[in-house]
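Here's the structure, in structure tokens; my notes come after.
Number of protein chains: 4
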Amino acid sequence: MSFTTTRKVRFEHCDPAGIVFYPRYFEMLNACIEDWFDERLGHSFGAIHVDGGFAVPTARCEVRFTAPSRIGDPLALSLRPIRLGRSSLDLEIDITSGEEARLHAAFTLVHVAQATGRPVGWPEPLRDAITRDIGPSAVATDPQGDASHGT
Amino acid sequence: MSFTTTRKVRFEHCDPAGIVFYPRYFEMLNACIEDWFDERLGHSFGAIHVDGGFAVPTARCEVRFTAPSRIGDPLALSLRPIRLGRSSLDLEIDITSGEEARLHAAFTLVHVAQATGRPVGWPEPLRDAITRDIGPSAVATDPQGDASHGT
Amino acid sequence: MSFTTTRKVRFEHCDPAGIVFYPRYFEMLNACIEDWFDERLGHSFGAIHVDGGFAVPTARCEVRFTAPSRIGDPLALSLRPIRLGRSSLDLEIDITSGEEARLHAAFTLVHVAQATGRPVGWPEPLRDAITRDIGPSAVATDPQGDASHGT
Amino acid sequence: MSFTTTRKVRFEHCDPAGIVFYPRYFEMLNACIEDWFDERLGHSFGAIHVDGGFAVPTARCEVRFTAPSRIGDPLALSLRPIRLGRSSLDLEIDITSGEEARLHAAFTLVHVAQATGRPVGWPEPLRDAITRDIGPSAVATDPQGDASHGT
Chain A
1 MSFTTTRKVR
11 FEHCDPAGIV
21 FYPRYFEMLN
31 ACIEDWFDER
41 LGHSFGAIHV
51 DGGFAVPTAR
61 CEVRFTAPSR
71 IGDPLALSLR
81 PIRLGRSSLD
91 LEIDITSGEE
101 ARLHAAFTLV
111 HVAQATGRPV
121 GWPEPLRDAI
131 TRDIGPSAVA
141 TDPQGDASHG
151 T
Chain B
1001 MSFTTTRKVR
1011 FEHCDPAGIV
1021 FYPRYFEMLN
1031 ACIEDWFDER
1041 LGHSFGAIHV
1051 DGGFAVPTAR
1061 CEVRFTAPSR
1071 IGDPLALSLR
1081 PIRLGRSSLD
1091 LEIDITSGEE
1101 ARLHAAFTLV
1111 HVAQATGRPV
1121 GWPEPLRDAI
1131 TRDIGPSAVA
1141 TDPQGDASHG
1151 T
Chain C
2001 MSFTTTRKVR
2011 FEHCDPAGIV
2021 FYPRYFEMLN
2031 ACIEDWFDER
2041 LGHSFGAIHV
2051 DGGFAVPTAR
2061 CEVRFTAPSR
2071 IGDPLALSLR
2081 PIRLGRSSLD
2091 LEIDITSGEE
2101 ARLHAAFTLV
2111 HVAQATGRPV
2121 GWPEPLRDAI
2131 TRDIGPSAVA
2141 TDPQGDASHG
2151 T
Chain D
3001 MSFTTTRKVR
3011 FEHCDPAGIV
3021 FYPRYFEMLN
3031 ACIEDWFDER
3041 LGHSFGAIHV
3051 DGGFAVPTAR
3061 CEVRFTAPSR
3071 IGDPLALSLR
3081 PIRLGRSSLD
3091 LEIDITSGEE
3101 ARLHAAFTLV
3111 HVAQATGRPV
3121 GWPEPLRDAI
3131 TRDIGPSAVA
3141 TDPQGDASHG
3151 T
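Chains as they are written, first to last, in the working numbering: chain A, 1 to 151; chain B, 1001 to 1151; chain C, 2001 to 2151; chain D, 3001 to 3151.
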């Protein structure tokens, strides 16, 4: 199920060409993922990182930028979880302003232990919450299914 | 020909898990590209953007993160231009710390006019400088060769 | 009259000590000032900077940090304009979380022409809007009154 | 004794008005302080924060911005420790470009335990290193001398 947050392009996001400096988009994308964990899944980054000793680093991302964003533009970020592995998660985020697409992003996240940096299977409550949101058909049931990104 | 810059991981780059927060990597990657334009090609972002009225936005990037970086780690960023189109440029950057790979990034940049946001062919001196650095074999001589990313 | 915006402390704001890295506070403070111009005064930074050719740089700021903020903390930023000069503006912002003060900031902004970087008197509609919000008693009527920060 | 680092103003630091967005200065200022701890004092932020369980948050800062900085400008940051308290430190940093002053910053840092967030006296080796750099005359020998900022 899609999860949407909104942002307004601010002065702080824009470069001397007057458009969003793309590293700022990654802060917006990360904030959207953080909000999805907190508000949709019920597991905040604070609980995962600070209390739990785990982390959810990005293993891979691919972004296509289709049109520039300017100061004052209202942006909508729509996140869709795509595929759940043992310790990985593929998700996609589209950023649009009104009818216009601004970027399409595909992420692979991995659930790791902070102490070792090694992948650790999603804990049951978090796995269940993601599964509910993603729909069961996209959950990898075959261990080989996870092999594509080694997690 | 490879172009290398170095960075030290600072406090400002790190998140509560004690590792580099990945949007900060994009600032480092962009700075490496900016230095390559300035120091290797002899065309600074200041001249291109502020004086020239052009811009070099990122049309696409794909990054694979292979190991985390921690505060104090020395990083080397090595940029290689890969393929020059009429108004586009593919390049790759590897970040390593000592012998360990930290990330591999592939970028497609596009040369655009700020006023219109439309792609504009690389100006001759910049095209020549990129060609010298990339080696002539990777320069697209066939217009169709540019079609893959529409620029 | 006080103007208040709210923020949640996110992962992106926090450092390896798990608390807000203070340069991130300055982004929040600037965003609060930007929202005040846009929503309270009716003059967006986009209109001022991009369309108007003016800018509102910070000439001075003083911040006292009274307690740390942690991931997930809800923050309230309350801005009060204090004193209006010919081309300057003093304002204060307090950041609190619940009952707890987190920081107190005092800013002096200056209205300048981008082309010259020189101070330029506030345009009438913006001066009127600030005056209404600040209350007329705090508006400098004596040119000498502006001398303290030379603007 | 003064400690100087250099920076070049990059694209990433600049706003739509083409000048350094001031929150980016605070990242530069913090990096200068971090380098001073590491290179001059021999105590890295990594050792202090990650290994030691301490932190050196900013309790107060005051900055006067005297001239804007533009993309490509070479900047010099010169740090001078001013006064050492039991758990506090006052220092000043000037940023210049060539002969032109860009900003003057005054900071008060506090040495705290991460677990409690409470001030903790500087450890002996760090105190000695700061004392050597600051010169003994500016070290507070009277406990009341620390009262001005409560640390």
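Every residue, glycine too, gets a C-beta built ideally from N, C-alpha and C.
Cβ atoms of residue j and residue i: under 8 Å apart, would you say?
{"i": "A:G72", "j": "C:G2046", "result": "yes"}
{"i": "D:P3074", "j": "D:I3019", "result": "no"}
{"i": "A:F11", "j": "D:D3094", "result": "no"}
{"i": "B:R1064", "j": "B:H1104", "result": "yes"}
{"i": "D:P3023", "j": "C:F2054", "result": "no"}
Please determine, among the options, the residue with the shortest C-alpha to C-alpha distance to residue i.
{"i": "B:H1043", "options": "B:P1074, B:G1135, B:A1129", "result": "B:A1129"}
{"i": "A:V50", "options": "B:C1032, B:I1082, B:A1017", "result": "B:A1017"}
{"i": "D:E3124", "options": "D:R3132, D:G3117, D:R3118", "result": "D:R3132"}
{"i": "D:E3034", "options": "B:L1109, B:L1029, B:V1056, B:V1009", "result": "B:V1009"}
{"i": "A:E99", "options": "A:S2, A:F21, A:W122, A:L77", "result": "A:L77"}
{"i": "C:I2048", "options": "C:I2134, C:V2120, C:G2135", "result": "C:V2120"}
{"i": "C:F2021", "options": "D:T3006, D:V3056, D:T3005", "result": "D:V3056"}
{"i": "B:A1106", "options": "B:T1005, B:L1089, B:E1062, B:R1024", "result": "B:E1062"}
{"i": "A:F3", "options": "A:L109, A:P23, A:A31", "result": "A:A31"}
{"i": "C:F2037", "options": "C:F2065, C:L2089, C:P2023", "result": "C:L2089"}
{"i": "A:L109", "options": "B:T1066, B:L1126, B:W1122, B:T1096", "result": "B:T1066"}
{"i": "D:G3117", "options": "C:S2097, C:R2070, C:G2117", "result": "C:R2070"}
{"i": "B:M1001", "options": "B:I1082, B:W1122, B:S1097", "result": "B:I1082"}
{"i": "D:G3052", "options": "D:H3013, D:L3126, D:S3097", "result": "D:L3126"}
Report, in whole angstroms, the separation of the C-beta atoms of residue i and residue j, which I expect to be a contact under 8 Å.
{"i": "A:R80", "j": "A:L91", "result": "6 Å"}
Classify residue i as buried or exposed, calling it buried when 16 or more other Cβ atoms lie within 10 Å of its own Cβ.
{"i": "B:T1058", "result": "buried"}
{"i": "B:A1147", "result": "With a pLDDT of 38 at B:A1147, under the threshold of 50, the predicted position of this residue should be treated as unreliable, and no value is reported."}
{"i": "C:S2087", "result": "buried"}
{"i": "A:I115", "result": "Here the sequence assigns Ala to residue 115 of chain A, which means Ile is not the residue at that position. Exposed, because fewer than 16 other Cβ atoms sit within 10 Å of the Cβ of A:A115."}
{"i": "A:E39", "result": "exposed"}
{"i": "A:M153", "result": "Any question about residue 153 of chain A goes unanswered here, given that chain A covers just 1 to 151."}
{"i": "B:A1113", "result": "exposed"}
{"i": "A:T6", "result": "exposed"}
{"i": "D:R3060", "result": "buried"}
{"i": "A:P143", "result": "Summary for A:P143: the model assigns pLDDT 45, below 50, so the residue's position carries little reliability; its value from the coordinates is reported in the next sentence. Its Cβ having fewer than 16 others within 10 Å, A:P143 is exposed."}
{"i": "C:T2151", "result": "Because C:T2151 carries a pLDDT of 44, less than 50, the predicted location of this residue cannot be relied on, and the following value inherits that uncertainty. With 16 or more other Cβ atoms within 10 Å, it is buried."}
Using a C-beta to C-beta distance shorter than 7 Å, which residues of chain F count as neighbours of residue i?
{"i": "B:R1010", "result": "Structure shown: chain F not included; protein chains present are A, B, C and D."}
Interfacial residues, the segment 3044 to 3059 of chain D to chain B, with Cβ spacing under 8 Å
S3044, F3045, G3046, H3049, V3050
Selection of the segment 1013 to 1037 of chain B by Cβ proximity to chain D, strictly under 7 Å:
G1018, E1027, N1030, A1031, E1034
Please name the residues in the segment 1117 to 1130 of chain B whose beta-carbon is closer than 8 Å to at least one beta-carbon of chain A, in chain order.
G1117
According to a CB-to-CB cut-off of less than 7 Å, which residues of the segment 62 to 73 of chain A neighbour chain D?
I71
If contact means a Cβ-Cβ distance below 7 Å, which residues of the segment 1092 to 1117 of chain B contact chain D?
none
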